[in-house]
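See below for the structure under consideration.
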Amino acid sequence: MTGSRGRTDSTHPDGTGNAPTTADDLFDALDERGHFFERPTHATPAKALPAAEDKHYHGHRERLRLRFRDSGDGALADYEILELLLFRLIPRRDTKPVAKALLDRFGTLAGVFGATPALLQEVKGIGEAVALDLKLVSAVAQRTLKSEIRNKTVLASWSSVIQYCHAAMAHEPREQFRILFLDKRNTLIADEVQGHGTVDHTPVYPREVVRRALELSSTAIILVHNHPSGDPTPSRADIDMTKTIVETARPLGITVHDHIIIGKDGHASLKGLRLI
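With the first letter of the sequence shown counted as 1, position 232 gets the number 232 in the UniProt record's numbering; the numbers rise by one all the way through.
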């Protein structure tokens, strides 16, 4: 006996009576009758995507890593250093355009790491997670610099103090007033931000500065604030405020060693300028 159990005969759209056996046969048949259809796009298997993308930049990444390994960071441009970092943060994308866009937007590596997460995310290719990772790198760098002055005589490590303050404050979008509290050996006791202000002004209260120094048993302080404009030249208000703090602190045995103003490309010392 012949036949097929459960078979359902169907007519091919071309009228032959032969049923289409595949989806492609069906689309071919419909096309022959004058109907135009877009064939479904076959998805590329997930395993094939990294391999396809790797053809574009994998070799470049490996060459960059080898240059860094063999010759150190001196063999790389700033954008290439940034690329090396972004390799880890954005693993399946060509990061050279992103690195160059960051430097175009913020000017320098210090500018990139000093930028706020919101500003970083304005650069194409930088999402919230990558922006926070870049700020984490910035925090590690700042703490590394701060460790260079911790438990050391600050006045004997002046260049380290300047480097730390510059890393912490130079790229802040608003004025920030910071105080370094020292003990009688001029060793750092505490580093505190006392206030934030606008782009060109921070309210400072001399009595509060002195009160905090007394709470910490600090016998000397270094005042620090930044100028978001980039120009560290002290203003008349800066000079007057510093003199008021000096006069308030002196009767209580607290010395103001200096007031440092941090700009993007440098700093100014009121003591060095003989303004205090």
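For each residue, glycine too, the CB sits at the ideal point set by N, CA and C.
From a predicted model like this one, the values you see are computed outputs, not experimental measurements.
Query	Result
Could you spell out where the alpha helix (DSSP H) holding residue 172 opens and where it closes?	It is not in any alpha helix (DSSP H) - residue 172 carries neither H nor E in the DSSP assignment.
Using 10 angstroms around the beta-carbon of residue 114, count the other beta-carbons present and answer buried if the total reaches 16, otherwise exposed.	buried
Starting from residue 224, follow its DSSP beta bridges and name the residues at the other end.	178, 260
Rounded to whole angstroms, what's the CA-CA distance from residue 217 to residue 106? Just pull it up for me.	41 Å
So for residue 128, helix, strand or coil by DSSP?	helix
Hey, residue 255 and residue 202 are a contact pair by Cβ (cut 8 Å); roughly how many whole angstroms apart?	At roughly 22 Å, the Cβ-Cβ gap does not stay under 8 Å, so residue 255 and residue 202 are not in contact.
Suppose you measure from the CA of residue 265 to the CA of residue 163; what does that come to, to the nearest Å?	12 Å
Within 10 angstroms of the Cβ of residue 226, are there 16 or more other Cβ atoms? Answer buried if so, exposed if not.	buried
Assuming residue 193 and residue 176 are in contact, meaning their beta carbons sit under 8 Å apart, how far apart are those beta carbons, in whole angstroms?	6 Å
Residue 285 by DSSP, collapsed to three states: which one?	It is not possible to answer for residue 285, since the shown part of the chain is limited to 1 through 276.
Note down, in chain order, each residue of its chain lying with its Cβ closer than 8 Å to the Cβ of residue 258, except the 5 sequence neighbours on either side.	222, 223, 269, 270, 271, 272, 276
For residue 269, which beta-bridge partners are listed by DSSP?	260
Where does the unbroken alpha helix (DSSP H) through residue 101 begin, and where does it stop?	96-106
For residue 191, write down the residues that DSSP places opposite it in a beta bridge.	180
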